[in-house]
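> Chains A and B supply the protein sequences, listed in that same order.
According to this note's numbering, the first sequence holds residues 1 to 126 in order.
According to this note's numbering, the second sequence holds residues 127 to 260 in order.
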Amino acid sequence: MDIVKKEKHDVETTKGNIYRTPDCDIYENDNEYIIYFDIPGVEKNDISLKVEKDVLSLKAECTKKAGDNYTCLRDEMMYSGFKRTFDLGDSVNSDEIRADYQNGTLKLLLPKRETQKTRQISINVN
Amino acid sequence: MYKTIFDDLFELNREMNQVFSRAGMGGRKNWPETNTYESNDEYILVSKVPGMVKDDIEITVKDNSLTVKGKRNKETPENSKLHMDERFSGNFERNFLVNEKIDIDNIKAEASNGLLIIRLPKSPEMKPKKIKIK
Numbered sequence: 001m002d003i004v005k006k007e008k009h010d011v012e013t014t015k016g017n018i019y020r021t022p023d024c025d026i027y028e029n030d031n032e033y034i035i036y037f038d039i040p041g042v043e044k045n046d047i048s049l050k051v052e053k054d055v056l057s058l059k060a061e062c063t064k065k066a067g068d069n070y071t072c073l074r075d076e077m078m079y080s081g082f083k084r085t086f087d088l089g090d091s092v093n094s095d096e097i098r099a100d101y102q103n104g105t106l107k108l109l110l111p112k113r114e115t116q117k118t119r120q121i122s123i124n125v126n
Numbered sequence: 127m128y129k130t131i132f133d134d135l136f137e138l139n140r141e142m143n144q145v146f147s148r149a150g151m152g153g154r155k156n157w158p159e160t161n162t163y164e165s166n167d168e169y170i171l172v173s174k175v176p177g178m179v180k181d182d183i184e185i186t187v188k189d190n191s192l193t194v195k196g197k198r199n200k201e202t203p204e205n206s207k208l209h210m211d212e213r214f215s216g217n218f219e220r221n222f223l224v225n226e227k228i229d230i231d232n233i234k235a236e237a238s239n240g241l242l243i244i245r246l247p248k249s250p251e252m253k254p255k256k257i258k259i260k
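#1: Grab the span of the beta strand (DSSP E) containing THR118 of chain A for me, first residue to last.
#2: Please report how far the alpha carbon of GLY153 of chain B lies from the alpha carbon of PHE218 of chain B, in whole angstroms.
#3: Verify the CB distance criterion: does ALA47 of chain A have a CB-CB separation below 8 Å to chain B?
#4: What residues in the region 70 to 95 of chain A bring their beta carbon closer than 8 Å to a beta carbon of chain B?
#5: Distance, Cα to Cα, VAL194 of chain B vs ALA66 of chain A?
#6: Could you name the residues of the same chain whose beta carbon sits closer than 7 Å to that of GLU236 of chain B, not counting the 5 residues immediately before and after it, in chain order?
#7: Whose C-beta lies closer than 6 Å to the C-beta of LEU88 of chain A among residues of the same chain, with five residues either side of it excluded?
#8: Thinking C-beta only, is ASN103 of chain A closer than 8 Å to MET178 of chain B?
#9: Using beta carbons (cut-off 8 Å, strictly below), is TYR27 of chain A in contact with chain B?
#10: Kindly list, in the order they appear in chain A, the residues whose Cβ is closer than 9 Å to that of THR193 of chain B.
#11: Tell me which same chain residues have a C-beta within less than 6 Å of the C-beta of ARG220 of chain B, skipping the five on either side of it?
#12: Pop quiz: CYS62 of chain A and TYR36 of chain A are said to be a contact at Cβ under 8 Å. What is the actual Cβ separation, rounded to whole angstroms?
#13: Along the region 204 to 231 of chain B, what residues have a CB closer than 8 Å to any CB found in chain A?
#14: I need the boundaries of the beta strand (DSSP E) containing ARG196 of chain B, first residue and last residue.
#15: Using CA coordinates, which residue listed in B:ASP134, B:LEU138 and B:ASN156 is at the minimum distance from ARG74 of chain A?
#16: For ASN176 of chain B, which residues in chain A fall below 8 Å Cβ to Cβ?
#17: Verify whether the separation of the beta carbon atoms of ALA99 of chain A and GLY81 of chain A is less than 8 Å.
#18: Where does LYS253 of chain B land, buried or exposed, given buried means 16+ other C-beta within 10 angstroms?
#19: Between the Cα of ASP181 of chain B and those of B:SER191, B:ASN166, B:ASN199 and B:LYS188, spot the shortest distance and give me the residue it belongs to.
#20: On the criterion of 16 or more Cβ atoms from any shown chain inside 10 Å, does LYS174 of chain B qualify as buried, or is it exposed?
#21: Using the beta-carbon count (16 or more within 10 Å), is LEU208 of chain B buried or exposed?
Spelled out as structure tokens, the structure:
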């Protein structure tokens, strides 16, 4: 794959560090929140997820760029990294967040705290 | 060559046009975003197709026109409500035309980490031939 080759970052540089906001879907059910991020072109090891003071931040580096001996005829997309932050409030149990990365889509499962879960209340009729 | 203020303005105009013609800016018509490259012996299309498997994408070629189409089905968790819906879903179709004749039998496509790469080798007929002088 020489058209999209891996770029080496031996020297620390700001060049090429462009971040875009990834498209994302958020679902909620009784026990957890589910977030999907579209981060195409990113390899699994380049994704970093952090929870700091109830703020979830995703940072994904794209280490790919087009090969040198190719002329770009039509330029619609960048090989950019992705960055996005969400404030979780106190609704999520941040110790048990699970992540799954497949084919450029990252899926996060954020379990709710016990106090935030939906509880069914049964009514007793005498 | 002299550099005048107009050169900067033209450059700015070009950049603005590029910004507004970029996929995703004008609705979802240009999904998936695709870059086209050319080298001496092939054309290459690189598309961003996150979360799609190879069975979802259909690639057809006729002469020098290539069509990428398919349907993106998003995975929807059961019994859940939707809070935010930004990711593309539904049918898409894009058509790409290249200038030269391509070698239809040797087209290769691969997908990894949400990037689809289609290689279209130029037809051997299109390569320059040397002619000997008798």
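Backbone N, C-alpha and C define an ideal beta-carbon position, used for all residues, glycine too.
The relevant details are as follows:
#1: Counting along the chain, THR118 of chain A sits inside no beta strand (DSSP E), nor does DSSP assign it H or E at all.
#2: Unreliable positioning characterises GLY153 of chain B in this predicted model, as indicated by a pLDDT of 49, which lies under 50. The coordinate reading is nonetheless provided below. Roughly 13 Å separates the two Cα atoms.
#3: Sequence check: residue 47 of chain A is Ile here, not Ala. Closer than 8 Å: no.
#4: Answer set for the region 70 to 95 of chain A: TYR70, THR71, CYS72, LEU73, ARG74, ASP75, GLU76 and MET77.
#5: So the alpha carbons of these two residues sit roughly 21 Å apart.
#6: These residues qualify, in order along the chain: ILE243.
#7: For LEU88 of chain A, same chain residues with a beta-carbon under 6 Å away, outside a window of 5 residues either side, are ASP54 and LEU56 in chain order.
#8: Yes, Cβ-Cβ distance for MET178 of chain B and ASN103 of chain A is below 8 Å.
#9: Yes, because at least one Cβ of chain B sits closer than 8 Å to the Cβ of TYR27 of chain A.
#10: Result: empty, since nearest Cβ-Cβ is about 16 Å, beyond 9 Å.
#11: Counting only Cβ-Cβ distances below 6 Å, and skipping sequence neighbours, we find VAL194.
#12: So it is not a contact: roughly 18 Å between Cβ atoms.
#13: Listed in sequence order: GLU204, ASN205, SER206, LYS207, LEU208, HIS209, MET210, ASP211, GLU212, ARG213 and PHE214.
#14: According to the sequence provided, residue 196 of chain B is Gly. The question's Arg does not apply to it. GLY196 of chain B -> beta strand (DSSP E) spans 191 to 198.
#15: Comparing Cα positions, the closest option is B:ASN156.
#16: Looking at the sequence provided, one finds Pro at residue 176 of chain B rather than Asn. The contacting residues are ASP38, ILE39, PRO40, ASN103, GLY104 and THR105.
#17: Their beta carbons are not under 8 Å apart, which means ALA99 of chain A does not touch GLY81 of chain A by this criterion.
#18: The C-beta of LYS253 of chain B has fewer than 16 other C-beta atoms within 10 Å across all chains shown, which makes the residue exposed.
#19: Here the closest residue by C-alpha is B:ASN199.
#20: By the 10 Å Cβ count, LYS174 of chain B comes out buried.
#21: A residue is called buried when at least 16 other Cβ atoms come within 10 angstroms of its Cβ; LEU208 of chain B does not meet this threshold and is exposed.
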